[in-house]
Each structure stands twice: as C-alpha cells, then as structure tokens.
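Below: the structure, in structure tokens.
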Amino acid sequence: MLENAWVIPALPVVSFFVILFFGKRLPSGGAWVGVAAVALAFGLSLVAVGEWIARPATLEVEAAHAAAPAEAGHGEEGAQPGHTAEADEGAHGPAEGAHDAVREPVRREVTWFSNGPIDIKVGIHIDGLAVAMLFVVTTIALAVHVFSTNYMADDPRITHYFAGLSLFTAGMLVMVTASTTLLLLFGWEAMGLCSFMLIGHWWEKQENSSAALKAFFTTRTGDIGLLVGIAILFFAAGQTFDIATLNDAALNGQISQGLLTVGAVALFCGVIGKSAQFPLHTWLPDAMAGPTPVSALIHAATMVVAGVYLVARVYGVFWEGFNIAAGGVNLGAVIGGVTVVIAALLAFVQTDIKRVLAYSTVSQLGYMVMALCVGAWTAGVFHLFTHAMFKGLLFLGSGSVSHAVGTFDMREMGGLRRFMPTTFKTFMVGSIALAGIPPLAGFWSKDEILTGASAGGYPIMFWMGVLGAGMTAAYMTRCVWLTFFGEYRGQAHPHESPPAITVPLIGLAVLAAVAGFLNAPGVGLFGDWTNNAVTLAAGVEHHAFSPGIALMSTLVALVGIGLAAAWYARNVGPHGITTRNSTARAGYTFLLNRYYLDHLYTGAIVGSIKGPIARAAYWTNQNVIDGVVNGIGIAARRGGNFVYDIVDQGMVDGAINASAAGTGAGGGFLRTIQSGRVQQYAAVFFAAAAIFAVVLIVVTI
Amino acid sequence: MILNQFLALAAVLFCIGVYGVLARRNAVLVLMSIELILNAVNINLVAFGAFHDTVAGQVFALFVIAVAAAEVGVGLAIVLLIYRNRQSVDVSELDMMKG
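First to last, the sequence lines map onto chains A and B. Residues are numbered in the working numbering as their position in the first sequence, beginning at 1, plus a constant of 3. Residues are numbered in the working numbering as their position in the second sequence, beginning at 1, plus a constant of 503.
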C-alpha cells in the first residue's frame, strides 16, 4: 500500500469529478459518492499506517550530537543522512555521531515535464509524518462527510457542497504525500480555493461571501511569501523542488545562512497566512460563516494545519534558517507564542460558540508552530494529531448543538445537557482534552510542547505556553457552562441529533480520549513512528517526560477551570467591572474589537493604499492607456479613410461599376435587336444562314 | 437521272417560302409559307435519296411531313387564340415580346 499511496489522494479526486458531472442525477445529490470515496481512502490509510508500523527501521542516520546549541554551526560537521554516513564516520570522533535507524521513506516519482536539464517531478514521499497526516485527514474527513449527509441534507446545493468537500480532501491528501514543493503548493492552493467555495457556500448572505473573500485574500497575502520561498529554495538547493534534497542541502550547509534565513522567513509568511498566526489570524473566526462541518474539517482539523505541516516537512530549512538549536527567541517561536496568548484572550469575549472554538483553534495552532520552532518537532506534530481529533469533535459537537437549537449564540443556549446527553458527553470529552487535563489527548501533547520549550532553551515561550494552557482551560469552561449548564435561555425545542451526527461524535470522542497515549511517557510510539532522517540529522532532541512541568500545567489548567467555574457557576468575582471601571471597560472593548486589527487592515492599510493606487491607476488609464488607445484609433481612422477612398471607392467599386455599365450598354444595344417581331427575327435568321452557307461554300472550295 | 431539275424546283419553292415568311402579314399565310420551305426540303431529300439509291431520303421526308403536320396543328391553334384575343392575325402587330 505504501508504494501505491497515490491512490489515497486519487480517490477523492475521482469522486470530485463524479459528483461534479453526475451528482445532480444521483440520489441525495451524490453525497454518498463522496462518503464512499473518503471511507475507502480511510480504509487504505489504515492499511498504510499498519504497513508503516510493520516496516523495519533500515535507514541508518548519523545523528548530529545532542549539544547542537553549543556548536552554533550549520552543518560543517553536520550529519550526512543516508548511505554516506558510513563514509564520513572516520572524520568524526567516536563521541559524536551515534547511529540511529529509522524507517526508510517510500518514494515514487514520475517526471511531469522537462525544461532543459531540469526534470520537474511529481510523486509521493511517504514517511511517518505523511502516514500520520493521512490518518488524521481521512479520519476527520470521514467523520465530517458522514455528519454532513444529515446536517446538509436539505441544502439545495448539496451537490456542490460535497464536490467541494471531495476536492478539499484531495488537496490536503496531495499536499501531505507530495514529494516536491511544487506539488505541495498545488495541494495548498487547491485547499485555498475549496476553503473559499465552502465558506461562501451560503453566499446569499452578504456577510458570508465577504467572509469567503476575506479568507481567500488573507491567506493569499501569506501565499505570496510561500511562492517566493519556494522559488528561493529552488535555486538555492541547485534547481530542485525535491523536499528531501532541500532538507539535506539545508542541513549540510550547502546553502548559505543568509539565503536560508530569507527562504525560511518567506515560507513562514505562507504559514502565518494559512495557519492563521498573528497577525493574519483574522480570517479564521470569520470563516465560521461556512457550514459547521466545513468549519470542523477545514478550519479546525486539517487545512489550517497545512502551515504547521509545511514547517514540519521542510524542517531542515526552518531548523537552520531560524537557527532553532540556538535557543532564546526566533521569529517562528515568537509568532507562535504571541498567537497562543492573544487568541486565547479573544476567546473569552465571544458569544458565538463557533467563534470561541475558532479562536481556540488559532491559539492551538500557535502552540504547534511554537513547538516546531523551539525544536520540539515530535511534540508539534503530535499536538497537530491530537488537536485534530478533539477540535474536530468540538466543532461537530457545536454543529449538533446548533442543529438542536437553531443558533450559534451561546446567550440563547444553556442547560442543554439534559436535552442532548450524547452531544454533551462527547463535547465534555473534547473540552477536557483541549483543556489539557490528564489523561486525555491534549494533556500529553501540550505537556510535550512545554517540556520541549523549557528544555530547548526558550523560557519566554514556555511561560507563554503555560499562560495559554490556563486560559484555554478557562475559556472552555466558560463555553461549556454557557452551552450545557444552567437554565435554557432560548426559544427553540432542543432535541438530541440523529445517528448520522452522533456516531461521528462518539468515534472522535474515543479517539480524543485515547490518542494521547500513543506518545505517553514509556510508550513513545508516535515519536518512533514519525522519526525521520531530517530530524535525526538536525539533531532534534526528544526530551524526557518531566513530572514537574506536567504537574504545573495540570494545576494551571485546573486553576483556569476553577476560576471560570467560580465566575460563571458561583457568581464569584468582580462581576460588572467592565461597566464600573474605565480601564477594564477599555480592555474589554479592545478585545471585543479584536485588537482593532480588522480596522487596521481594512481602514488604515487597505484604505491608505486604495486611494493612491486608484489615483495612480486612473492617471495611467487616462494618460498612458487612453493615449495609446486613442493613438491607435486615430491611426486606424486614417488608414481606414485611405483604404476607403483609394482602394474601396476607386478600385473595387470602379471595377464593379465599370462592369455594370458595360453590361448595361451591351443590354441596351441588344435590346434594340429584340423587336418582338417574328418576321424580323426570321429575316436575321435567314440572312445569317445565307452568310454561313456562303462562308461554307467558300471554305470548302 | 438528272438531279438538277429537282434541286432547281426545290430552290425556287424555298425562295418563295422564305419570301412568304418574311413579307406576308397574315399569320396563316406565314404558316403556309413555312410549309413551302419544308416541302422544298422534302423534294431535296427524296431526290437525293433516289439519286443515291437509298430509302433513307424517303424516310426522312416522311418524318418531316409528320413533324410538319404537328407543327401546323400547334401553329393554327396559336393563330386561333391570337385572333380570339385581338380580332386580327397580322404578325406585324404582334410585338408584345419586345425587349
């Protein structure tokens, strides 16, 4: 299966075209085609996971020695992955360069096209990271597809909806299996397109289509950086798009430090846009305008982690470019840490349950980026894995809630635990997992990140992470309290959702509960499975479980829960402070307006650029373009006149008039002959016959 | 056998016929003049047939007589209709086909 893993992305591609062309004629708008394709892809992914786990670790990699920060070098002594490791053995001391075996990635490539000496290849690169992503994406996609068959059943454009879901799934699967940055970019952009289509699915409402445009343009802003970065690295790594070669070149010091830094920063712009990092996170909460399953699939579990996946995939570039091993601060870690805190703060003032979850997603994505950029590669990827499970669960849970009460406004909910017990229980599992309470999934991955930040020499990021953990627990408590506890405040008649909605919830709840054990201390399976040549060669450390940090993060989370519970359940604390105290009110307003970032973008930046650009464009239009157009017009008119006077009137018409006049004259002459008198005709006839006879006689004789 | 006398007779008849066609104004007489021309031809055909000792001349003459009978039938019908419409059979007045 690993060799034929290209089938997995191909399945949803096929289903996309089938739904697009035949969906309207199929029962339930072709929805079941999408479900079947994704279910098959899910099955094949499970097979791939099994084969990957069973694959023996045959590829020996010489790990860079652990004290990478002290070395401050970029690969002069760097590790050579693969077979050359043996040859270099002699050059290194026995103390360093311990050999470690990892599973060899499965690669299959075909040449897409050749341009001179450069072969542009497309293909698959299947390693532990790709297999993990295949599992995550197909799991969430399957749950969302099944959920949607009921949730979207009455939608008039269900066919387009499922076509979009299929194409989106295909894009994500292409991206995670891609062997070249070019193919990766292809999947990346396909997802951007699908995100636009699905956010704007209910485009009849102006705000929905605005949200779709906003998401598209904001991520495009970052994508410019991604394009630039790919181009830089293409030339830097010797004209190749191949990701493995790129990582090797970066780690071996074949690319200069300056170029690597520029390339990494450019790629990181793409990450900021796609993974909704500060300051381009503003599109993600607005993207909640789309149908809830879309929010679960795209804006929680899969697409937004594309940026995180990109960092994890071309980790060699980021490792050297950001000089992650050195500790202290770097661009990625700062952006990630800031995102964790500011997004968590925003989650407190939201009244829309999906927006709470959206800001929570932004915050958790900040954790992942921060983890990768402080050197905790496994922790970042593992958090991606667990977060997909519980955040997909929470989003589907919010969809189930809105299915019951017909709104996303938490002010019109409350007390729902009595009406929808299954949704309540699964939502609680997801919330506790997200809050990081042991032994659910979120605890293990978040704890690893904190350990990595602490041990990797990033104390600022560590404290940001701890602060974020406390706030996460608190805002989830607020969210759960407002939704499920207290008295029901709405007007609808809440009811439990049908099985098509609750079954995916239960499945994801089980995964959210147990997924964390995969990499629990003493188990460490996930780290073993995803271990690869790049992280080994870079010398990424795997830090041991730290009971102190685990205890602290749990306590912080419990304190967060306790404070929030005291505030909302027991009515303890300075309620109403935002109306009494001007400082508190200012802070509240500041949060309500989302740090005025949207105002900054639309008012200040877009506004100030729009005017001058419009004026410059108008001037160019009036003077340059119109000048050229008018010049062409005048020249064309003169040419036309010349042609009209000389050629058309003189020559063509002359010839025609002359022939007409000639014909007329000839007709006039012949007309006189046709007198209508039979005897005249006969006279001519006999005269002619006589003349012919004379001629004949003369000729014969 | 002497051919000349027949040819001479035929030539005389033909010329009389041509004169009649060109000069007479009465349509009936024009038709009769056409008959003269045709019969001049018939004489020629029969004379040459006898001269060359073959029946082809006579066969042709019989064909011409048959066609002439038909022609006269049609011609007289046209003349009759013209007379009915115009109370005249003067061919010099019939120039409606003038171009």
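Quick reminder that beta carbons are idealized off the backbone N, C-alpha and C, glycines included.
Against chain B, a Cβ distance below 8 Å from Gly-679 (chain A) picks out Leu-597, Asp-598, Met-599, Met-600, Lys-601, Gly-602. If only complete runs of 4 or more residues are kept, the region 318-348 of chain A shows the alpha helix (DSSP H) at 318-324, in order along the chain. For Val-524 (chain B), a Cβ of chain A is located within less than 8 Å of the residue's own Cβ. One Cα belongs to Ile-704 (chain A), the other to Ala-696 (chain A), and the distance between them is close to 12 Å. Sorting A:Val-105, A:Phe-116, A:Ile-635 by C-alpha distance to the C-alpha of Pro-59 (chain A) places A:Val-105 at the top.
At a C-beta separation below 8 Å, Val-544 (chain B) has no neighbours in chain A, since its nearest C-beta there lies roughly 13 Å away. Residue-level contact by beta carbon holds for Val-521 (chain B) and chain A, with a gap shorter than 8 Å.
Short of 6 Å from the beta carbon of Gly-32 (chain A), and not among the five residues preceding or following it, lie these beta carbons of its own chain, in chain order: Gly-26, Ile-161, Thr-162.
Of all C-beta pairs linking the region 176-185 of chain A to the region 133-146 of chain A, three or more are shorter than 8 Å, placing the two stretches in contact.
If only complete runs of 4 or more residues are kept, the region 566-599 of chain B shows no alpha helix (DSSP H) anywhere.
Neighbours of Phe-689 (chain A) in chain B, taken as residues at a C-beta separation under 9 Å, are given in chain order as Val-521, Val-524, Leu-525. Per DSSP, Phe-244 (chain A) is not a residue of any alpha helix (DSSP H), being assigned neither H nor E. Contact note: Ala-685 (chain A) reaches chain B through Val-524, Leu-525, using a C-beta cutoff of 7 Å and chain order. Residue nearest to Val-320 (chain A) within the set A:Ala-39, A:Ser-259, A:Gly-340 is A:Ser-259 (criterion: CA-CA distance). Taking a Cβ-Cβ threshold of 7 Å, none of the residues of chain A is close to Val-531 (chain B); the smallest such distance is about 14 Å.
Within the region 576-594 of chain B, contact with chain A at the beta-carbon level (separation under 9 Å) is assigned to Val-594. Here Phe-566 (chain B) is exposed, its C-beta having fewer than 16 other C-beta atoms within 10 Å. Within a 10 Å sphere around the beta-carbon of Glu-544 (chain A) sit 16 or more other beta-carbons, which makes this residue buried. The DSSP-derived three-state label of Glu-207 (chain A) is coil. Pairing Thr-184 (chain A) with Trp-380 (chain A) gives a Cβ-Cβ distance that is not under 8 Å. Per DSSP, the beta bridge partners of Gly-126 (chain A) are A:Glu-112. Secondary structure at Ala-569 (chain A): helix, using DSSP grouped into helix, strand and coil. Taking a C-beta distance under 8 Å as the contact criterion, Gly-409 (chain A) and Gly-473 (chain A) do not qualify as a contact pair. For His-148 (chain A), the CB contacts under 7 Å within the same chain, skipping 5 residues up- and downstream, are Gly-37, Val-38, Val-41, Leu-168 in chain order. In this structure, the alpha-carbon of Thr-142 (chain A) lies about 28 Å from that of Leu-283 (chain A). Among the CB atoms of chain B, one or more fall inside 8 Å of the CB of Gln-682 (chain A). For Pro-294 (chain A), no alpha helix (DSSP H) run applies, since DSSP gives it neither H nor E. Sequence-distant partners of Val-524 (chain B) (beyond 5 residues in either direction) whose C-beta falls short of 8 Å from its own C-beta, in its chain, are Val-533, Ser-536, Ile-537, Ile-540. For Asn-7 (chain A), there is no enclosing alpha helix (DSSP H), as DSSP marks it with neither H nor E. For Pro-502 (chain A), the enclosing alpha helix (DSSP H) stretches over residues 502-517. Thr-505 (chain A) places its beta carbon 8 Å or farther from that of Ile-356 (chain A).
By alpha-carbon distance to Arg-421 (chain A), the top candidate from A:Leu-397, A:Gln-367, A:Asn-7, A:Glu-499 is A:Glu-499. When secondary structure is reduced to three states using DSSP, Thr-61 (chain A) falls in the coil class, being assigned neither helix nor strand. For Thr-183 (chain A), the secondary structure class from DSSP, reduced to helix, strand or coil, is strand. Boundaries cannot be given for Ser-549 (chain A), as no alpha helix (DSSP H) includes it and DSSP labels it neither H nor E.
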